[in-house]
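Chains as they are written, first to last, in numbering that gives the first Met the number 0: chain S, 0 to 219; chain V, 0 to 219.
As structure tokens, the structure follows; a few thoughts come after it.
Number of protein chains: 2
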Amino acid sequence: MDLTTAEENYLKAIYHLSDGGKKSVATNDIAAEMKNKPASVSDMLRKLGEKEVIEYRKYYGLQMTESGKRFALQTIRKHRLWEVFLVEKLNFAWDEVHEVAEQLEHINSALLIQRLDSYLNYPKFDPHGDPIPDEFGDVRARPRVHLNEMEINQTGQIVAVKDSSAAFLRYLDKVGAYIGARIKVLDKVEFDGSLEILVDQKKTLFMSKDVAGNILVQQS
Amino acid sequence: MDLTTAEENYLKAIYHLSDGGKKSVATNDIAAEMKNKPASVSDMLRKLGEKEVIEYRKYYGLQMTESGKRFALQTIRKHRLWEVFLVEKLNFAWDEVHEVAEQLEHINSALLIQRLDSYLNYPKFDPHGDPIPDEFGDVRARPRVHLNEMEINQTGQIVAVKDSSAAFLRYLDKVGAYIGARIKVLDKVEFDGSLEILVDQKKTLFMSKDVAGNILVQQS
DNA sequence: ATTTATTTTTAGCTATATCTAAAATAATTT
DNA sequence: AAATTATTTTAGATATAGCTAAAAATAAAT
């Protein structure tokens with residue numbers, strides 16, 4: 000069974016809004032996420048129900064089926080692999096990749112994705128630090144802590160940022176706090192929660208509690 | 000003005016069938032090339048006429064406009080750049096790339112194509128030896144000769160093959176006669192036209208007139 | 001120069017994916 | 001509990017891109 004591009008996009012939106020198929024999702028919220036009208040969503044939900052990628056009872060909401068989750072994860076996998084390609088090979092900036100990956104994720108070729116994965120050396124995380132599902136849809140989720148919650152002398156690796164506005168990403172780029180950077184908390188100021196951070200065993204960096212609250216770290 | 004994927008595919012087909020916009024093309028031939036029905040083609044020609052990428056007088060055939068040629072060349076450029084990527088970076092075989100490139104050519108991002116071009120080191124020819132138009136649609140066409148028409152001691156570079164059946168491509172791969180290979184005609188047998196070829200100043204190779212007739216060489 | 005055959009176009013239908021406006025259902029408030 | 005509000009669905013459009021069957025125009029053959 001094959002899905003259209005539109006169906007893939009709906010499934011992906013539903014997957015994200017439902018927190019991986021755990022929660023129920025409102026028609027209105029899907030419409031907001033997809034930037035279209037609730038009436039269009041209702042229609043699509045009926046179709047997705049017929050294809051059995053969701054279980055749909057009208058007026059009562061929906062549940063993703065196992066099949067639906069697999070499809071969503073495949074699309075997410077492709078999106079994130081392409082993001083890695085764009086950043087690592089074509090030197091795109093973090094904030095330039097989304098639009099293009101949004102198109103590339105719908106290219107249909109199992110061989111292409113296998114080869115791309117291999118070419119990129121089987122990355123486990125995308126440039127924003129989000130995990131890349133493997134070909135079976137398995138995700139190796141790492142425990143994450145907000146940087147502002149870490150204690151002095153604790154170490155880890157930056158794995159994600161919460162605020163992905165262009166301005167914030169530019170700031171991070173400037174200070175060298177890229178995804179994958181190894182960090183160590185050197186000092187913490189009591190009264191405002193600001194931090195002194197060692198980045199990649201070289202640069203030290205002062206950071207406000209607010210900024211640190213937007214950075215996720217895998218502790219090690 | 001933007002074109003849909005279907006419109007891009009029609010323009011590309013028309014460009015090829017009309018030999019770069021020079022000849023007129025029959026509705027039936029477009030239908031055959033696109034594997035759909037003449038009625039569908041008529042309809043699309045009307046639309047393409049309205050968008051002024053072709054000049055269309057019903058029953059009388061069509062002419063590509065300058066705008067139409069530019070669009071077609073951009074699509075061809077993207078297709079061939081992706082083919083280079085698939086073969087050189089992802090290790091696709093010559094006969095595996097077409098289908099996937101057919102999808103990738105419709106990805107819409109000027110930046111992506113610029114970066115891809117740069118990443119591939121501004122290739123001038125695709126893996127089949129067909130020229131890649133530059134971003135302005137200019138094509139550096141090289142004079143080509145069939146290998147069987149070359150004389151003893153003449154040299155050149157293989158730029159294309161006419162028969163692109165998987166069997167033929169496998170044969171060429173096996174004997175090392177890939178696109179770009181530098182060749183020299185060492186000897187020519189009078190009575191059957193078969194040739195002795197030096198490939199890349201290393202291997203010598205015997206080749207029937209028939210095989211040589213399917214290989215195009217840029218003389219140098 | 002008619003007739004016949006071929007090619008091309010039109011008319012009307014189907015499917016996808018969107019929309020607006022109205023109707024139906026569920027949730028909230030008084 | 002009834003009325004009001006919010007959410008969701010249906011009904012009926014529109015646009016794209018294909019189809020079949022029939023009509024119209026052009027080309028070929030007698």
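Note that the Cβ used here is the ideal one computed from N, Cα and C, for glycine as well.
Query raised in the report: Starting from residue 61 of chain S and walking both ways along the beta strand (DSSP E), at which residues does that stretch end?
Result: 60–63
Query raised in the report: Can you name the residues of chain V whose CB is closer than 9 angstroms to the CB of residue 90 of chain S?
Result: 114, 117 and 118
Query - Span of the beta strand (DSSP E) around residue 155 of chain V - result: 154–160
Query - chain V contact residues for residue 2 of chain S, given Cβ-Cβ distances below 9 angstroms - result: Under the 9 angstroms cutoff, chain V gives no residues; its nearest Cβ is about 15 angstroms from residue 2 of chain S.
Query - In DSSP terms, what residue 54 of chain S is bridged to - result: S:62
**Report entry** Neighbour list for residue 102 of chain S in chain V, Cβ cutoff strictly below 8 angstroms
**Finding:** 106, 107 and 108
Report task. Kindly identify the DSSP beta-bridge partner or partners of residue 77 of chain V. Result -> Paired residue(s): none; residue 77 of chain V is not in a bridge.
Query - Distance between residue 123 of chain S and residue 171 of chain S (C-alpha atoms, nearest Å) - result: Between residue 171 of chain S and residue 123 of chain S, the C-alpha separation is close to 21 angstroms.
Query raised in the report: So what does DSSP say about residue 4 of chain V, is it helix, strand or coil?
Result: helix
Report task. Kindly list the residues whose CB is nearer than 6 angstroms to the CB of residue 33 of chain S, restricted to its own chain and excluding five residues on each side of it in sequence; keep chain order. Result -> 12
Query raised in the report: What is the C-beta distance between residue 47 of chain S and residue 9 of chain S, in whole angstroms, given that I count them as a contact (C-beta under 8 angstroms)?
Result: 6 angstroms
Query raised in the report: With burial defined as no fewer than 16 other Cβ atoms inside 10 Å of the residue's Cβ, what is the status of residue 70 of chain S: buried or exposed?
Result: Residue 70 of chain S sits buried, since 16 or more C-beta atoms from the chains shown fall within 10 Å of its C-beta.
Query raised in the report: First and last residue of the beta strand (DSSP E) that includes residue 216 of chain S?
Result: 214–218
Query raised in the report: Of all Cβ atoms in chain S, is any one closer than 9 angstroms to the Cβ of residue 197 of chain V?
Result: For residue 197 of chain V, the closest Cβ of chain S is not nearer than 9 angstroms.
Query raised in the report: Which of helix, strand or coil does DSSP assign to residue 37 of chain S?
Result: It is helical.
Query raised in the report: Should residue 143 of chain V and residue 216 of chain V be called a contact, given that it needs their Cβ atoms to be closer than 9 angstroms?
Result: yes
Query raised in the report: Any idea which residues DSSP pairs residue 130 of chain S with across the strands?
Result: S:124
**Report entry** Contact test: residue 128 of chain S Cβ vs the ligand PLP heavy atom, cutoff 8 angstroms
**Finding:** Of ligands this structure carries none, so the ligand PLP is not represented either.
Report task. List the endpoints of the continuous beta strand (DSSP E) containing residue 195 of chain S. Result -> 194–198
Query raised in the report: What's the gap between the Cα of residue 106 of chain V and the Cα of residue 145 of chain S?
Result: Each residue's alpha carbon lies about 37 angstroms from the other.
Query - Paired residues, beta bridge with residue 185 of chain S - DSSP - result: Partner(s): none; residue 185 of chain S has no beta bridge.
Query raised in the report: Excluding the five sequence neighbours on either side, which residues of its own chain have a C-beta within less than 8 angstroms of the C-beta of residue 115 of chain S, listed in chain order?
Result: Taking C-beta separations shorter than 8 angstroms and ignoring five residues to either side along the sequence, the partners of residue 115 of chain S in its chain run 80, 81 and 84, following chain order.
**Report entry** Exposure of residue 77 of chain S, with buried meaning 16 or more beta-carbon neighbours within 10 Å
**Finding:** buried
Requested in this report: Since I believe residue 181 of chain S is in contact with residue 156 of chain S (beta carbons under 8 angstroms), could you give me their beta-carbon distance rounded to a whole number of angstroms?
Outcome: 5 angstroms
Query raised in the report: If we cut at 9 angstroms on Cβ distances, does residue 111 of chain V have a partner in chain S?
Result: Closer than 9 angstroms to some Cβ of chain S, the Cβ of residue 111 of chain V qualifies, so yes.
**Report entry** Any C-beta of chain V under 9 angstroms from that of residue 82 of chain S
**Finding:** no
Report task. Give the secondary structure of residue 145 of chain S by DSSP, where H, G and I count as helix, E and B as strand, and everything else as coil. Result -> strand
Report task. Using a Cβ-Cβ cut-off of less than 7 angstroms, list which residues of the region 32–53 of chain V approach chain S; keep chain order. Result -> Across the region 32–53 of chain V, no CB contact with chain S closer than 7 angstroms is found for any residue.
Report task. Could you pull the start and end residues of the beta strand (DSSP E) that residue 202 of chain V belongs to? Result -> 202–206
Requested in this report: Specify, as a first and last residue, the run of the alpha helix (DSSP H) that residue 118 of chain V falls within.
Outcome: 109–118
Query raised in the report: Any Cβ of chain V within less than 9 angstroms of the Cβ of residue 134 of chain S?
Result: Judged by the 9 angstroms Cβ criterion, residue 134 of chain S is not in contact with chain V.
Report task. Please confirm whether residue 111 of chain V and residue 89 of chain S have their CB atoms less than 9 angstroms apart. Result -> yes
Query - Secondary structure of residue 24 of chain S, DSSP reduced to three states - result: In the structure shown, residue 24 of chain S sits in coil (DSSP, three-state: anything other than H, G, I, E or B).
Query raised in the report: Quick one: Cα of residue 169 of chain V to Cα of residue 160 of chain V, how far?
Result: 12 angstroms
Query raised in the report: Do you know offhand how far residue 63 of chain V's Cα is from residue 100 of chain S's?
Result: 33 angstroms
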